[in-house]
DNA sequence: ACGATCACGC
DNA sequence: CAGTTACGTGATCGTG
């Protein structure tokens, strides 16, 4: 098909071949089995074919069976599950500069390679399918992960519009300020050097200017120059740390967001098309790349400004719907703790309530600073944080931090119970699971080294929470996508950012689409606490958030 | 090509 | 086996 290697015989041309295959590829009654079906769907989509009947994706099956594996490629799966060494793409196409386009690969080799690919995928289905059944993961695999493929595909194909001139102008403004700061830094340093090189910067700060070394990097023990260090150094009578902080912020935003996003946007439509990866995060979360649209800035002033460049098409608005405190609610559910559950049922401010309870004060005595402490503890607990990190985080002494944590476990007995149970189960079984039976193996849970074991214990605590949140939003996405299509909406889901969904909504659906979205996000599954969704509409992502 | 550092998100 | 908060991606530098 469409082969061009020398001496290739007369054959059915690409367009004719696709025309002949189209009815089969688009027939949902004809089951499709393969590796990375979303990618295959995109390839066919480029030729006007809508691949249907996606039955079994071997890459995703492997991920559901063991999401902690770093590889789910076909060569690895063949070796791991079939004990079979498959021909690699490199072996037929070459590598580096000499790499051939597949259509130029020798016909004999190319056909053998292609057939092997299909054969291996089919044989893997048997093995992986059996394992999914054994692990009671068929529901999760078929009804969640497989069902999510067409949803993600539509989101990727649709893309989100950006305001390119807006980003370009912002980039220019940043450039001018960066030039200015650069000059000042050189003046203060008394020398010119590469500010973007932590190594060269370290030499200037700590050797030449003799600033105190507050921290070393973990791997190489070099002098650290990260934000925390620079912030502390900014208290000293030197101008350079403040200048560097500003420089870092601006150059990060310019290089990672402004300049790269403009380059990646479609020149005709001005839309950005990310890839959602379904087999990367060990907890069950999605990830996003090329570009990553799950780490668009929101905190700093300039960062937030970048969100104004994510816009709705004419005649539409962006709608952001995010789960309020979803991980803490799941945590409350798991803990079964009465006080915790009541707080959410009564729609109280959870951090205020936590502050009141662990500090034994009335709710009216909870100052913003006390609330901040409670908030850090609430999040720290679900990440398995210890007193050391908490005291550092909050700038309080070690003893106080320790007391807060013990007061927390004292007050919320269910939390302590959850912690003990989940770690105990992990030790016994070697894995933890989410509410929907997504499994993650923790081979180091019984490790003799305390540090390594603690790391596994933190994963044991966090994974059921983060993973259940991932399961819930995936199920909501599937239902919303299905209903929008079935009920003839023109509103489209564009992005998922772990606990948030972003939609593009035509003006005449502003009254109807949000109701559907809220109902599917909040009502999909009954926990011991209600799920709450916050929604906002705007002309751009900043206004909508 | 790859590891290290840094910085952005949840 | 690594140095005490889970999970990611990407730009850039420096080295091989």
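In our numbering, the protein residues as written are 61 to 605. Cβ coordinates follow ideal geometry from the N, Cα and C atoms, glycine included.
Which residues does DSSP pair with residue i in a beta bridge?
i, result
"residue 376", "566"
"residue 560", "382"
"residue 314", "DSSP, once it has assigned bridges, lists no residue as partnering residue 314."
"residue 445", "Answer by DSSP bridge pairing: none, since residue 445 is not bridged."
"residue 126", "Per DSSP, none; premise fails for residue 126."
"residue 555", "562"
What are the start and end residues of the beta strand (DSSP E) that includes residue i?
i, result
"residue 117", "114–117"
"residue 501", "499–501"
"residue 222", "220–222"
"residue 94", "92–94"
"residue 348", "347–349"
Note the first and the last residue of the continuous alpha helix (DSSP H) segment covering residue i.
i, result
"residue 493", "Here residue 493 belongs to no alpha helix (DSSP H); instead the beta strand (DSSP E) covers 491–493."
"residue 171", "167–194"
"residue 458", "458–471"
"residue 327", "From DSSP, residue 327 is part of no alpha helix (DSSP H); its letter is neither H nor E."
"residue 515", "510–546"
"residue 581", "573–583"
"residue 414", "410–418"
"residue 140", "134–142"
"residue 259", "258–262"
"residue 79", "74–85"
"residue 404", "398–405"
For the putative contact between residue i and residue j, defined by C-beta atoms under 8 Å, what is the C-beta separation to the nearest angstrom?
i, j, result
"residue 107", "residue 137", "That pair is no contact at about 27 Å."
"residue 104", "residue 85", "6 Å"
"residue 380", "residue 560", "6 Å"
"residue 116", "residue 93", "5 Å"
"residue 238", "residue 307", "7 Å"
"residue 443", "residue 522", "6 Å"
"residue 584", "residue 532", "7 Å"
"residue 378", "residue 562", "6 Å"
"residue 419", "residue 431", "In fact, because the Cβ distance is near 10 Å, the residues do not count as touching under 8 Å."
"residue 184", "residue 141", "6 Å"
"residue 351", "residue 321", "6 Å"
"residue 499", "residue 491", "5 Å"
"residue 301", "residue 290", "5 Å"
"residue 353", "residue 334", "5 Å"
"residue 526", "residue 373", "Not really, about 33 Å apart at Cβ, beyond 8 Å."
"residue 403", "residue 410", "5 Å"
Could you say which of the options lies nearest to residue i if we only look at CA atoms?
i, options, result
"residue 571", "181, 515, 318, 551", "551"
"residue 319", "300, 232, 368", "232"
"residue 101", "515, 210, 121", "210"
"residue 536", "258, 302, 586, 425", "586"
"residue 397", "487, 383, 414, 508", "414"
"residue 127", "470, 501, 600", "501"
"residue 176", "448, 131, 145, 300", "145"
"residue 223", "362, 142, 301, 367", "367"
"residue 558", "356, 448, 438, 600", "356"
"residue 590", "507, 427, 383, 244", "383"
"residue 441", "426, 469, 452", "469"
"residue 543", "410, 370, 573, 567", "573"
"residue 215", "515, 256, 554", "554"
"residue 276", "262, 374, 527", "262"
"residue 124", "477, 174, 139, 340", "340"
"residue 250", "422, 264, 259", "264"
"residue 391", "439, 407, 433", "439"
"residue 91", "601, 74, 235, 113", "113"
Reducing DSSP to helix, strand and coil, say where residue i ends up.
i, result
"residue 597", "strand"
"residue 335", "strand"
"residue 451", "helix"
"residue 359", "coil"
"residue 103", "helix"
"residue 276", "strand"
"residue 426", "coil"
"residue 283", "strand"
"residue 370", "strand"
"residue 474", "helix"
"residue 156", "helix"
"residue 435", "helix"
"residue 479", "helix"
"residue 203", "helix"
"residue 245", "helix"
"residue 198", "helix"
"residue 301", "helix"
"residue 121", "helix"
"residue 504", "coil"
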